[in-house]
Amino acid sequence: MNPINDLLNIIGGFIAGIINSIFSFSPFLADAITMGLAAIILCTFAALSFMGLTYAERKVVARIQDRVGPNQAGPLGLLQPIADGIKMFTKEDTTPAAADRWVYNLAPLVIAVFALTTYAVLPFAPGVVGTNLNIGVFYVLAIGSGSIVAIIMAGWGSNNKYALLGAFRTVAQLVGYEVPMLLNVLPVVMLAGSMGLIDIIDHQTLANGNAGIPFLLFFPLSAVVFLISGIAETARSPFDLLEAESEIVAGFHVEYSGMKFALFFLGEYVNALAVAFVFSTLFLGGFAGPILPPYIWLLLKAGAVFTIFMWLRGTLPRVRIDQMHNLNWKFFVPLSIVHLILVIILLKVFVTSPAQQAATGGILVDAWVQAAIMFVASALTLIAGLGLAARRARISRLAEEDVLARRRAENMATAGAA
Amino acid sequence: MIVTAALLMGVTLIAASLLRPKKPSKAKLETYECGMETVGDTWVQFRVQYYVLALVFVVFDIEAVLLFPIAVAFNALPWLAVINLILFILILLIALLYAWRKGALDWE
Amino acid sequence: MALTLQQVIFLALAVVVIGAALFVVTTRNLFRAALMLVLSFFAVAGFYVLLDAGLFAVAQILIYIGAISILIIFSVMLTRGMQAMIPRNSQAFWSAVVVAIIFAMLLLLLGPLRTTVNVAAWPIIGSIFPNATPRELGAVPWAYAVEPATGLPAVVPETYIATFGFSLVDINQYVLPFLLVALLVDIALSGAVHIARQRRPIEVIQERQDIAAEDAAEAEAIRNAQQPAPVPAPALPEGAVAAATSAANEH
Amino acid sequence: MDLFANALNGIPLWWFLVVSAALFCIGLYGVMARKNAIAMLMGVELMLNAVNINLIAFWRFIAPNSPSGLAFAAFVFVIAAAEAAIGLALIISVYRSNQSIDPEKLDQMKL
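Residue numbers (my numbering), protein chains in the order written: chain A, 1 to 418; chain B, 1001 to 1108; chain C, 2001 to 2251; chain D, 3001 to 3111.
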């Protein structure tokens, strides 16, 4: 219980102690209040991170595009998020005349609530977690897919053609990119033997006998595909077809303004940060790290993943809608399935514990060697997949060129004849 | 957790609705359509492409829900069970290939 | 009697489920019905949490809310079913009566009360079945699982997900239905994709033509059947059919 | 006859059975008395949910350490999804051919 590493546990225990002593007459009330307080702390942490992220994002993206970014409000523009907040609070909130009042007002609330509930399961330090569900990872993915209905509510509620079209495009994208996310979490769960996020992190730490290898080294393909579909899942950077198309002016939140619009943005950023946390928990070993206290490690890893998001946002152009669907259904999903089958076979052939070898008779191999084999196999499938895709692209490009050449020849012939 | 998140967001929404000015004018209430009058009702020619993609998503959603418990029990699976598992994944791969062949995955 | 927290949550969820289900069944606006359906799915997920089946609460959210309600909402949009939607059809009243009877019987069978029914003692029917023995109806005394040591209700084992996963793939357990269900989903969804796929204009015209040709043939057959002495039916103007098919090809 | 015998932290089994029976009957009414085909399908979904509540309730109260209740519930999930998909695909193709999905009008076998 050295003070720095378990700072959060100590503070948590301290506050819980105070509450229990105040409400000692009914332990049930005391638990309810501590749980409520923990939930409020998590929500405020998420909301504050939203403000910090908007500022950091605008600064970094500006720096990438060789401009300065917000620096007027306060020193170094640090008060910019607060200025945005005030603007969002005081801006007028119009609801379209024929809007479906109930659905229209409920949609932003539902999106924000869904974004925040993923934080209930994320472990910030050993023992510091909202609720340690033994179905942690499955819960996070289900909540991700639950927010799809909220987007349809927003699209339909504002009774506006473009909002409806934008909502369906976004839903088609989200529904599509949910599949590779589901398929690429499976290898991690197979290796860790449980869906709980705490167990997954334990498997990546040196604790109780398993070598502390982050799962990124086991399954690079899963990590890459999970990250890209995570970006597409929150409709960010290269995949933000939400407000991109000319005819879908601002996607499904075209009719919202003021605080309701801010809730949509809060939902987007909090979801993006949640994807960053989940990625670092699943593939980078969560709060496991040698010297620094655990929660600092987690923030560092999540920050690194979020900088990748920001970097992609600053550099990559927007993806066309059919490219986006083709990338998902014709490349990520088949690749993930083939990779899953390969992982299943390899995890049975190369076994680390003698007990397993006795049961299923694989080749006994040290954890690091198993990691190396898995890494090579995973990287090979990725390269093979990319090669195959490149070859198919070349074939279709050549075919297109033939068609163009023939058409040009015909035009020349008719022009010549005329 | 869900309840507190909802409460917190609800409080911010209500606080916001109190703070902001209440000046609804006829012009502001029109739905936004690049400034022009809205043409026709909200009904929009809805392509069946969205529905077909949702169908293929249902296949893989079910596969994931069935695969997660098996992934948890993976370490103790004998070889015969692993073969069944691979058979299950191949069956659902056929569903994807059929949809691909049928052009359901193309997005013109 | 002091309600425990679980009971309060259960009652709240029950109210939400029944209310949302009633709304789904009686509302005019189909889209609202779909949203209320999603709300009832959430409350059912809450039930599974109360029953310590967390895996199924999350599976419910993923399958029902993530996939099926999206399908329903898309099909509501596709078929423009929302406009003038009359909620009840002609047989609404009688179906309500039938449903109420079924509910009463279910309540009798599953509810907590145990009644002994002696048909012989009934006035009219008793004479038909004079020697019917009195029979106990009502809550069946189920064999509740009890913790061997303490006699308290059994606790769900921690590894229930692993045993469930293992049973799905284990040879002498549920592997056959597991693979059959996968085959069923595969064939069903491929069929659905085939039925609902985006039809190119040529196909649509072809279909319309086939239907028109069939209807014409049917009308022809009926007309022949009615007049025993067949008057030679006026030949179809030669150009009509040819024009239609050529128009289709140009398209 | 103690109504709360074998209660599981306060909730006896028959509470779940009564609620699922009510949900089943509402779904049944939805199927029998709705004019729109999609509303009928929603009724079917409610009935399948009621079946699932029963399955999981019996698993929890009577055989928590055997996976059979869960396996049945999982198969009901899968079949409900496949049934919804097929039903809605049929409805859409019916709508495409004759512009209405009023169950009373769909009486001939031909689409």
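Just so you know, even glycine gets a beta-carbon here, dropped at the ideal spot from N, CA and C.
Item	Value
Three-state class that DSSP yields for I11 of chain A in the structure shown	helix
I2128 of chain C versus C:P2134, C:R2135, C:A2120, residue with shortest Cα-Cα distance	C:A2120
Close beta carbons around A2104 of chain C, own chain, < 7 Å, minus the five adjacent residues each side	none
Reduced DSSP secondary structure (H/G/I, E/B, other) of L2137 of chain C	strand
Contact residues within the segment 1090 to 1107 of chain B, judged by C-beta distance below 8 Å to chain C	I1091, L1092, I1094, A1095, Y1098, A1099, K1102, G1103, A1104
Same chain, Cβ closer than 7 Å to V2156 of chain C, five either side skipped, listed in chain order	D2052
For V121 of chain A and H325 of chain A, the rounded distance between their alpha carbons	31 Å
Terminal residues of the beta strand (DSSP E) in which R124 of chain A lies	Reading off the sequence shown, one finds Phe at residue 124 of chain A, where the question assumed Arg. Per DSSP, F124 of chain A belongs to the beta strand (DSSP E) from 123 to 125.
Bridge partner(s) assigned by DSSP for F332 of chain A	None, per the DSSP bridge assignment.
Sequence-distant residues of its chain with Cβ nearer than 6 Å to G17 of chain A (five each side left out)	none
Residue-level contact to chain B via CB, G193 of chain A, 8 Å cutoff	yes
Contact list for V1082 of chain B against chain D, beta-carbon separation under 7 Å	Chain D residues near V1082 of chain B: none, gap ~19 Å exceeds 7 Å.
V1048 of chain B versus C:Y2144, C:R2135, C:A2192, residue with shortest Cα-Cα distance	C:A2192
Cβ-based neighbour list, V140 of chain A, same chain, cut-off 7 Å, excluding 5 preceding and 5 following	T118, V121, V278
Candidates A:L282, A:E178, A:L197, A:G286: closest to E233 of chain A by CA position	A:E178
Nearest residue (CA-CA) to I3026 of chain D, options C:F2164, C:I2101, C:I2124, C:L2180	C:I2101
Per-residue burial, G286 of chain A [other beta carbons within 10 Å of its own, 16 or more giving buried]	buried
Beta-carbon spacing of L197 of chain A, G2054 of chain C below 8 Å	no
Chain C contact for I1062 of chain B (CB, 8 Å cutoff)	yes
Contacts of V1072 of chain B in chain A (Cβ-Cβ under 7 Å)	V189, G193, S194, M195
Length-filtered (4 minimum) alpha helix (DSSP H) runs lying within the segment 21 to 95 of chain A	27 to 64, 80 to 90
Those residues which DSSP pairs with V2146 of chain C across a bridge	C:P2153
Endpoints, the alpha helix (DSSP H) within which N411 of chain A is located	367 to 417
A2221 of chain C burial status per 10 Å Cβ neighbour count (16 or more: buried)	exposed
Length of the line joining the Cα atoms of T1038 of chain B and S158 of chain A	With a pLDDT of only 47 at T1038 of chain B, under 50, the local geometry of the prediction cannot be trusted, and the value read off the model is given with reservation. Distance between the alpha carbons of T1038 of chain B and S158 of chain A: 13 Å.
Per-residue contacts from L1066 of chain B into chain D (C-beta, under 8 Å)	A3074, V3078
Cβ of G2040 of chain C within 8 Å of any chain B Cβ	The amino acid at residue 2040 of chain C is misidentified as Gly; the sequence shows Ser. Chain B, which has no Cβ nearer than 8 Å to the Cβ of S2040 of chain C, makes this no.
Rounded C-alpha distance that separates G12 of chain A from I19 of chain A	11 Å
Residue span of the alpha helix (DSSP H) that contains P2177 of chain C, given as start and end	2175 to 2195
When A:S378, A:F14, A:N271, A:W329 are compared against D1106 of chain B, the one with the closest alpha-carbon	A:W329
The segment 3050 to 3064 of chain D in contact with the segment 3009 to 3016 of chain D per 3-pair CB rule at 8 Å	yes
Cβ contact check for the segment 2178 to 2186 of chain C and the segment 3066 to 3079 of chain D: 3 or more pairs under 8 Å	yes
First and last residue of the uninterrupted alpha helix (DSSP H) at T315 of chain A	294 to 315
Sequence-distant residues of its chain with Cβ nearer than 6 Å to A1027 of chain B (five each side left out)	Here the model assigns A1027 of chain B a pLDDT of 46, short of 50, so the residue's position is not dependable and the matter cannot be decided.
Cβ pair P108 of chain A, A154 of chain A closer than 8 Å	yes
8 Å Cβ cutoff met for S3093 of chain D and I3053 of chain D	no
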